[in-house]
Structure formats: structure tokens, C-alpha cells
Amino acid sequence: MMTNCSLPDSAESGPLSKDIFVVGSFPNADWKHTAERKLTYKGNNVYQVIADEVSGNYKMQYAAEQWKPQFTAKGKKLSVGQLNELTYGGYGTDTKLEIKEPGKYLWSLEFKDDGSPYSIMVNKCQ
154 MMTNCSLPDS AESGPLSKDI FVVGSFPNAD WKHTAERKLT YKGNNVYQVI
204 ADEVSGNYKM QYAAEQWKPQ FTAKGKKLSV GQLNELTYGG YGTDTKLEIK
254 EPGKYLWSLE FKDDGSPYSI MVNKCQ
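154 is the number of the first residue of the sequence shown in the numbering used here; add one for each residue after it.
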């Protein structure tokens with residue numbers, strides 16, 4: 154599920170009460186909450202968004218519009234194609250990621266039933 158770039162949105166409500174965005178040092182977004190980076194609920198406590206990315210080194214967090222709640226990858230590092238633990242974030246806890254080739258990337262965040270963070274993954278769509 155965390156690698157499927159064609160999952161439909163779920164009609165169910167997920168464990169989070171607020172919309173979450175991938176927010177970071179991306180071109181044309183620069184730490185802004187943009188509609189193109191808003192995650193949608195896919196079911197089974199998983200939220201996803203597909204974004205066009207360019208090569209580069211980025212810093213990011215996964216947050217609601219007022220930065221509460223806010224999440225980051227454990228160890229503050231993420232690699233494309235590698236599942237990592239998702240934890241609560243905050244100021245100075247940005248996740249670092251290197252994107253080596255441009256393309257469409259799937260951002261997947263999984264939460265527990267109570268809305269607490271569980272796992273994160275980013276994958277290049279084929």
C-alpha cells in the first residue's frame with residue numbers, strides 16, 4: 154500500500170482530524186502548505202500525495218496548516234524506497250531527503266488508530 158501510486162481516495166474518515174501537507178524547501182513551495190502537497194486519505198490509516206519533484210537535497214516536515222500536529226522521520230533522514238518510522242516533529246526537526254532523479258514521487262504516511270505517527274515512505278512512481 155505504501156508503494157502503490159494508483160490507490161483511490163477513501164470515502165472513510167481517517168484517524169487524523171486535520172489535513173496534512175508535505176512542507177519543505179521544495180522549488181515553488183518553500184515551506185508553504187500548498188494544495189499540490191496535501192495528503193489524502195487512502196484507507197487503512199494511510200495518507201498519500203503524488204508530487205512532481207526535481208533532483209536535489211531537501212528538508213521537510215509533514216504538518217497541518219498551523220503546524221499542529223507536525224511530524225518528521227525518525228533520525229531526521231529519509232531515503233527513496235526505504236520505509237522509516239514516523240515521529241512527532243517540531244522546530245529544528247526537519248527530515249532530510251536527497252532526490253537523485255526528477256519525476257513523480259509518492260509520499261506515504263501511516264498512522265495508528267489514535268492518530269499517532271507510525272511510518273513514512275517516499276517512492277518514485279513508475
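C-beta atoms are modelled at their ideal positions from N, C-alpha and C, and glycine is treated no differently.
Relative to the C-alpha of residue i, which candidate in the options has its C-alpha closest?
i           : options               : result
residue 259 : 244, 189 and 167      : 189
residue 267 : 166, 209 and 161      : 166
residue 214 : 196, 203, 255 and 230 : 230
residue 256 : 204, 168 and 173      : 204
residue 224 : 232, 210, 246 and 154 : 246
residue 218 : 278, 261 and 171      : 171
residue 226 : 185, 269 and 242      : 242
Compute the Euclidean distance between the alpha carbons of residue i and residue j, then round it to the nearest angstrom.
i           : j           : result
residue 222 : residue 178 : 19 Å
residue 183 : residue 273 : 21 Å
residue 187 : residue 174 : 7 Å
residue 252 : residue 238 : 19 Å
residue 233 : residue 169 : 25 Å
residue 200 : residue 154 : 10 Å
residue 212 : residue 176 : 9 Å
residue 185 : residue 254 : 23 Å
When burial is assigned at 16 or more other CB atoms within 10 Å of the CB, is residue i buried or exposed?
i           : result
residue 366 : It is not possible to answer for residue 366, since the shown part of the chain is limited to 154 through 279.
residue 276 : buried
residue 206 : buried
I want to see whether chain C comes within less than 8 Å of residue i, judged by CB atoms only; does it?
i           : result
residue 173 : This model lacks chain C altogether, as it is built from one protein chain only.
Original post:
Going along the chain, which unbroken runs of the alpha helix (DSSP H) with 4 or more residues stay wholly within the region 172 to 225?
Top reply: none
Original post:
Are three or more beta carbon pairs between the region 155 to 165 and the region 191 to 200 nearer than 8 Å?
Top reply: yes
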